[in-house]
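Per the numbering used here, the sequence shown runs over residues -7 to 203.
Even glycine gets a Cβ: it sits at the ideal position worked out from N, Cα and C.
All values reported here derive from a predicted model rather than from experimental measurement.
See structure below.
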Amino acid sequence: MDIICTGCNRHYKIAEEKLPSSKVASFTCPNCKKRIKIEVPSSKIAVSIGEKTCVNDLQGFESFEPGTKTALIYCPETELKKQLQKVLGFLGYEVRFINKQNDIMSRFRYHIYDFILLYQNGLKAEDDLTNIQEYINSLFIDIRRKIFVAHVHPEGNRLDSLQAFSMGADLTLSPSDIKNLSQILPSALETQKMGYKVFFECKSKVEEEIF
-7 MDIICTGCNR HYKIAEEKLP SSKVASFTCP NCKKRIKIEV PSSKIAVSIG EKTCVNDLQG
53 FESFEPGTKT ALIYCPETEL KKQLQKVLGF LGYEVRFINK QNDIMSRFRY HIYDFILLYQ
113 NGLKAEDDLT NIQEYINSLF IDIRRKIFVA HVHPEGNRLD SLQAFSMGAD LTLSPSDIKN
173 LSQILPSALE TQKMGYKVFF ECKSKVEEEI F
């Protein structure tokens, strides 16, 4: 299980079998000394989205099988949520939805999601979206580089890497790109993987030497 300290954003891995069943566990962060509470496990809440239902656990705790691709979506448009869920499901992702900063903070305490899609309705970002972006930008660099963030907004240009960088994203898209997301995303993910390959190889080597 991936745990992130809410005090300093340090990332820890804890074996789930070591956690007490149906109880609350806690430990002190060695870095900032903040007490970290782990709820094990919390119940899932079904949230209706149009005619379908998606699983949304606002407590944040949810375990996934190793190798499972996971995605979070922020989108205020109900019909578009269904479309995005369908596309990402086709690409092999387990999809969960977030509505505000507390949702993503809660989820990232227990798991590092592979992909985050942020959908912006107008030229000005909603307050909830801005708060979610602030949390993403506050993550440690080694955690942030494990996540691919796509930001959809009216002036999005998927060929403009500087625009994506300025918005704290890996890729910016226009609403018209959504219909081609299943073709656009794999290529963009591969580009990111190659770009960060040296970083993660060096990080792994340093960790081996230290530990």
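Residue i versus residue j - alpha carbon distance
| i | j | result |
| --- | --- | --- |
| ASN172 | GLY81 | 14 Å |
| GLN155 | VAL87 | 26 Å |
| ILE(-5) | GLY114 | 34 Å |
| ILE128 | GLN184 | 17 Å |
| LEU165 | ILE135 | 23 Å |
| HIS143 | LYS25 | 34 Å |
| VAL141 | LEU181 | 10 Å |
| ILE96 | ILE170 | 22 Å |
| SER73 | PHE19 | Here residue 73 turns out to be Lys, not Ser, going by the sequence shown. Between LYS73 and PHE19, the C-alpha separation is close to 37 Å. |
| SER174 | ASN23 | 40 Å |
| ILE94 | LEU151 | Before going further, note that residue 94 is Asn rather than Ile in the sequence given. Cα to Cα, the separation comes out at about 32 Å. |
| GLY187 | SER153 | 13 Å |
| GLU57 | PRO146 | 36 Å |
| VAL79 | TYR4 | 31 Å |
| VAL190 | ARG137 | 12 Å |
| SER168 | PHE89 | 21 Å |
| GLU54 | GLN125 | 22 Å |
| ILE108 | ILE139 | 7 Å |
| THR122 | LEU163 | 17 Å |
| GLU118 | GLU71 | 18 Å |
Contacts around residue i, its chain only, beta-carbon distance under 6 Å, and the 5 residues preceding and following it disregarded
| i | result |
| --- | --- |
| LYS92 | ASP120 |
| TYR85 | LYS61, ALA63 |
Residue i, enclosing alpha helix (DSSP H) - first and last residue
| i | result |
| --- | --- |
| LEU154 | 153 to 158 |
| ILE135 | 133 to 136 |
| GLU126 | 119 to 130 |
| ARG2 | That residue, ARG2, is in no alpha helix (DSSP H); it is neither H nor E in DSSP. |
| ILE176 | 173 to 187 |
| ILE96 | 93 to 100 |
| PHE56 | PHE56 -> no alpha helix (DSSP H), and no H or E assigned at all. |
Own chain residues within Cβ distance below 7 Å of residue i, not counting five before or after
| i | result |
| --- | --- |
| SER130 | ASN1 |
| CYS21 | CYS(-3), GLY(-1), CYS0, ARG2, ILE28 |
| LEU83 | SER174, LEU177 |
| CYS67 | LYS73, LEU76, TYR111 |
| ALA161 | VAL141, ALA142, HIS143 |
| MET159 | HIS143 |
Per-residue burial, residue i [other beta carbons within 10 Å of its own, 16 or more giving buried]
| i | result |
| --- | --- |
| ARG99 | buried |
| LYS116 | exposed |
| CYS194 | exposed |
| GLY148 | buried |
| PHE157 | exposed |
| ILE133 | exposed |
Terminal residues of the beta strand (DSSP E) in which residue i lies
| i | result |
| --- | --- |
| ALA63 | 61 to 66 |
| ARG88 | 85 to 89 |
Own chain, CB closer than 8 Å to residue i, minus 5 neighbours either side, in chain order
| i | result |
| --- | --- |
| GLU69 | TYR111, ASN113 |
Stretch pair the segment 51 to 62 + the segment 98 to 105: three plus CB contacts closer than 8 Å: Short answer: they touch.
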